Amino acid sequence: FFFALIFSAMMMEENPTEDGLTPQAPHQIPPAWTKDNLAYFCGYCHKEFGMLLRKHHCRHCGKVFCDECTRFRAKIPQMGIDEMVRICEYCRRDAQGLIGTESMQRPSEVKKCVQCAKGFGVVGPSAAKHNCQHCGKVFCADCTRWFAKIAHLGYDKEYVRVCETCKDLPNTFSRLYEWQRDSDVTACNECLAEFTRSFRRHHCRHCGKIFCSKCLKAKALVLGDPKPQKICNACSTSGSSDLKVVK
1111 FFFALIFSAM
1121 MMEENPTEDG
1131 LTPQAPHQIP
1141 PAWTKDNLAY
1151 FCGYCHKEFG
1161 MLLRKHHCRH
1171 CGKVFCDECT
1181 RFRAKIPQMG
1191 IDEMVRICEY
1201 CRRDAQGLIG
1211 TESMQRPSEV
1221 KKCVQCAKGF
1231 GVVGPSAAKH
1241 NCQHCGKVFC
1251 ADCTRWFAKI
1261 AHLGYDKEYV
1271 RVCETCKDLP
1281 NTFSRLYEWQ
1291 RDSDVTACNE
1301 CLAEFTRSFR
1311 RHHCRHCGKI
1321 FCSKCLKAKA
1331 LVLGDPKPQK
1341 ICNACSTSGS
1351 SDLKVVK
């Protein structure tokens, strides 16, 4: 009986299935995720979670960590995951079978925008550095002016920045919108009043377009934002499921 089992296994390796493919081993069952309400501290750096330090699950071990400690991305073929997903520091270092492991760049280590090559300043708007939450590279605000939900990376309820290259990837984002550049807009998108130094521009937090303060009085809870944000009149009456208008 023992030899029969060995012979059967050898025949399966040598003989493909009817569709011409060699039988594949079954996928490993993903681990059960740690419940959010049971995680008070990051599993790696031990920082306490709060309004400003959000929780993220490692897709390989299922444990809860902060964003910094899950800045790594990899494919996990043994679990049937063929897209880049979030993994923790422990799994990046010790787990077997991960493919294409990448790391989110640390802003402190980057001196210029990856896209436009402009150097970052020391203070003010030019000093702002932003990670594309899909590829992990560091850009300036103009080169990460697209916002999207990326469900497979854990951003299914909030909008995060993505770069110009990643925004064009097919079947990656559930919703994507562009944050208009100040330099491209000279007048309010609604009342058409011209902007000046004293008549400032304001972005709608839902569609990303630019309006004057008079045309941006409505507020709503936009998914991912803990506090009400300013939105335009068109978005406030759109009935979108992404926001809840605050009276």
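For any residue, its number in our numbering is found by taking its place in the sequence shown, counting from 1, and adding 1110. Yeah, the Cβ is synthetic: ideal placement off N, Cα and C, and Gly gets one too. Quick caveat, the model's predicted, so the values are computed rather than measured.
- 8 Å or more divides the Cβ of Lys-1173 from the Cβ of Gly-1160.
- DSSP places Ala-1328 in the strand class (E or B) of the three-state scheme.
- Apart from sequence neighbours up to five positions away, the residues of its chain that approach Gln-1243 with a beta-carbon distance below 7 Å are Ile-1260, Leu-1263, Tyr-1265, Val-1270, Arg-1271 and Val-1272, ordered along the chain.
- Burial is judged here by how many other beta carbons sit within 10 angstroms of a residue's own beta carbon; Asn-1147 has fewer than 16 and is exposed.
- Between Cys-1250 and Glu-1300, the gap from beta carbon to beta carbon reaches 8 Å or more.
- Nearest neighbour of Arg-1203 by Cα position, chosen from Phe-1182, Arg-1255 and His-1313, turns out to be Phe-1182.
- Straight across, the Cα-Cα distance linking Leu-1279 with Phe-1309 is about 37 Å.
- Met-1189 is the residue among Thr-1180, Cys-1179, Met-1189 and Glu-1219 whose C-alpha sits nearest the C-alpha of Gln-1138.
- Leaving aside the five residues that flank Cys-1325 on each side, the residues in its chain whose CB is nearer than 6 Å to its CB run, in chain order, Cys-1298, Glu-1300 and Cys-1301.
- Of all alpha-carbon atoms in Ala-1142, Cys-1226 and Glu-1288, the one lying nearest the alpha-carbon of Ile-1320 is that of Glu-1288.
- When DSSP states are grouped into helix, strand and coil, Tyr-1200 belongs to the helix group.
- Ser-1346 counts as buried, since at least 16 other C-beta atoms from the protein chains shown sit within 10 angstroms of its C-beta.
- In the DSSP assignment, Ser-1351 falls outside any beta strand (DSSP E) and carries neither an H nor an E.
- The Cβ atoms of Phe-1230 and Cys-1198 lie no closer than 8 Å to each other.
- The secondary-structure analysis by DSSP pairs Ala-1258 across a beta bridge with Val-1270 and Leu-1286.
- Secondary structure of Ala-1251 (DSSP, three-state): coil.
- Between the alpha carbons of Ser-1284 and Asp-1352 lies a distance of about 11 Å.
- Excluding its 5 nearest sequence neighbours in each direction, His-1316 has C-beta neighbours in its own chain below 6 Å: Val-1332, Ile-1341, Cys-1345 and Leu-1353, listed in chain order.
- Residue burial is scored here from C-beta neighbours: Ile-1209 has fewer than 16 other C-beta atoms within 10 angstroms and is therefore classed as exposed.
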